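So for the first sequence, the UniProt record's numbering puts the first residue at 1; every next one is plus one.
Presented below is the structure to which this report refers.
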Amino acid sequence: MGRSPCCEKAHTNKGAWTKEEDERLISHIRAHGEGCWRSLPKAAGLLRCGKSCRLRWINYLRPDLKRGNFTEEEDELIIKLHSLLGNKWSLIAGRLPGRTDNEIKNYWNTHIRRKLLSRGVDPLTHRPINGKVAEPNTTTTIPFVEDKSATNSEEKTEMYEDREEESPGFDLNLDLCISLPYQHQQQQQSHPSQRRGLCLCCNLGLQKSKDCSCNEFLGVETGCLDYRRLEMK
DNA sequence: AATTCCGGCAACCGCCTCCTC
DNA sequence: AGAGGAGGCGGTTGCCGGAAT
1 MGRSPCCEKA HTNKGAWTKE EDERLISHIR AHGEGCWRSL PKAAGLLRCG
51 KSCRLRWINY LRPDLKRGNF TEEEDELIIK LHSLLGNKWS LIAGRLPGRT
101 DNEIKNYWNT HIRRKLLSRG VDPLTHRPIN GKVAEPNTTT TIPFVEDKSA
151 TNSEEKTEMY EDREEESPGF DLNLDLCISL PYQHQQQQQS HPSQRRGLCL
201 CCNLGLQKSK DCSCNEFLGV ETGCLDYRRL EMK
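This is the structure:
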């Protein structure tokens, strides 16, 4: 009923990829680029669904993948990003060069969830479980915008904790409505996603938007996303 | 040494969004 | 404007290897 299958399933391989299939896919993409995933399998001589090829390439074969263990810094960044974005793995992956959404999703489910639970933090809400106090440095709220009145991170943290109390709806179940607050400060010579990561606009598919300023997201520059513009449901 | 259990990860599935006509 | 196709995404499954018994 309804949608047609993305490919002819009767004549496609499934399951683990063989070395030969990997090599075919790699050499085809090297020669012709990614192009149209639907037609790629046939062109590459693979009995695979286009989606399967795409997934294999993105999650495993791409040359810019980092692989290997996650660093402590990456862990903390993932936790912070998850507290802001929820299970938006692709957005999170966009801030971690060389990591894929699938990898981060798996890592979250197998390692970070447990890590947060052991800290007494609910991995879904990023709040202390049953009134347990989270360990220091586990705060999951990030100040996007430098607040001149709060001079150190503790003050900032308190500020946002207060905010949570005054607004029960300020939950990190990020069903977000994000507006784009600032005008461009400067024209970008090239698309900034080619420079370093992606801004939230880009990640949300708003590259063509005039609001895409591509300033840093969690870095120092904060033009793209102002936490005060996040409307929590 | 054999069996069971469990965690990690690659891959699949189905829905959603975007793009083109 | 809307229908259809393709790509993208998040949730889930299933296999495999190592640890425990």
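Cβ coordinates follow ideal geometry from the N, Cα and C atoms, glycine included.
Because the structure is a prediction, the values reported are computed rather than measured.
Proximity of residue i and residue j at Cβ, strictly below 9 Å
i	j	result
I58	I78	no
R115	D64	It should be pointed out that residue 115 corresponds to Lys in this sequence rather than to Arg. For K115 and D64, no; Cβs fall outside 9 Å.
L25	L61	yes
S52	T100	no
P97	K66	yes
Host alpha helix (DSSP H) of residue i (start-end)
i	result
K105	D101 to Y107
H82	E72 to L85
K88	Premise fails: K88 is in no alpha helix (DSSP H) and is neither H nor E.
L117	R113 to S118
Residue i: CB within 8 Å of a non-hydrogen atom of the ligand MG
i	result
H126	The model depicted lacks the ligand MG and carries no ligand whatsoever.
Inter-residue CB distance, residue i and residue j (contact presumed, cutoff 8 Å)
i	j	result
L117	R95	Actually they are not in contact, since the Cβ atoms of L117 and R95 sit about 23 Å apart, beyond 8 Å.
L55	E21	With a Cβ gap of about 13 Å, L55 and E21 do not count as contacting.
H28	A44	4 Å
D122	I129	5 Å
Which ranges would you report for the beta strand (DSSP E) in the UniProt domain "Myb-like" (9-61) if only whole runs of at least 3 residues count?
Note on the UniProt domain "Myb-like" (9-61): there is no whole beta strand (DSSP E) run with a minimum of 3 residues.
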